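Report on the following structure.
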Amino acid sequence: MFFLLPDYDDRIVLRTFLSSSRSYKQYIAHNKEINVDLQHIIVNLELPKFIWIGELSVPELVIDGKVNGLVMLDATEPRFHENKSLMLLTNSTRVAFKENGIFVEEVFGDYKENELDKNEIQIIGVPLQPFKRFESNIKKF
1 MFFLLPDYDD RIVLRTFLSS SRSYKQYIAH NKEINVDLQH IIVNLELPKF
51 IWIGELSVPE LVIDGKVNGL VMLDATEPRF HENKSLMLLT NSTRVAFKEN
101 GIFVEEVFGD YKENELDKNE IQIIGVPLQP FKRFESNIKK F
């Protein structure tokens, strides 16, 4: 699986926390700022009872309490090699998630062939807009 994060000039902020999948799905379902397609994917994803969440952001969005990327890991999977624990990975243009034990990758946005190379596809627009970070049971330190 080949997955690139957008170019942030090497200023990515990763916020990691443990959550129950039920609590996190409830947060996603009620978050009005999140992309509806991603919301549907996460709410319908088969997840273990506990998951590690990694929220990706940039310093400018962190100040506003917003994120624009997610990594979800199975907190009950003891084997971290070979992406066994990876459940979902998304940024502003793509989402890859485990469905029936196999990774499925979807691309958000409209497509257009690159005029220079007909084999390349450009993604137009950024449909996964920044959304409010999870705060439910997180204590500030």
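Anchor point for the sequence shown: position 10 equals 10 in the working numbering, and the numbering is continuous, going up by one each time.
Heads up, the beta-carbon is just placed ideally off N, CA and C, and yes, glycines get one too.
Note that this is a predicted model, so its numbers are computed, not measured.
Please name the residue, chosen from 13, 46 and 56, that lies closest to residue 150 on a Cα-to-Cα basis.
Outside the displayed span of the chain (1 to 141) sits residue 150, for which this structure offers no information.
Could you pull the start and end residues of the beta strand (DSSP E) that residue 74 belongs to?
Unbroken beta strand (DSSP E) run through residue 74: 69 to 74.
Would a C-beta distance cut-off of 7 Å place residue 34 and residue 131 closer than the cut-off?
The beta carbons of residue 34 and residue 131 sit closer together than 7 Å.
Under a three-way DSSP split, which group does residue 66 fall into?
strand
Same chain, Cβ closer than 6 Å to residue 74, five either side skipped, listed in chain order
48, 85 and 87
8 Å CB neighbourhood of residue 133 in its chain, flanking five on each side removed:
Leaving aside the five residues that flank residue 133 on each side, the residues in its chain whose CB is nearer than 8 Å to its CB run, in chain order, 15, 55, 57, 65, 66 and 67.
For residue 91 and residue 60, the rounded distance between their alpha carbons
16 Å
Does the Cβ of residue 95 have 16 or more other Cβ atoms within 10 Å, making it buried, or fewer, making it exposed?
buried
Residue-chain proximity (residue 61, chain D), Cβ-Cβ < 7 Å
No chain D appears in the structure shown, which is made up of a single protein chain.
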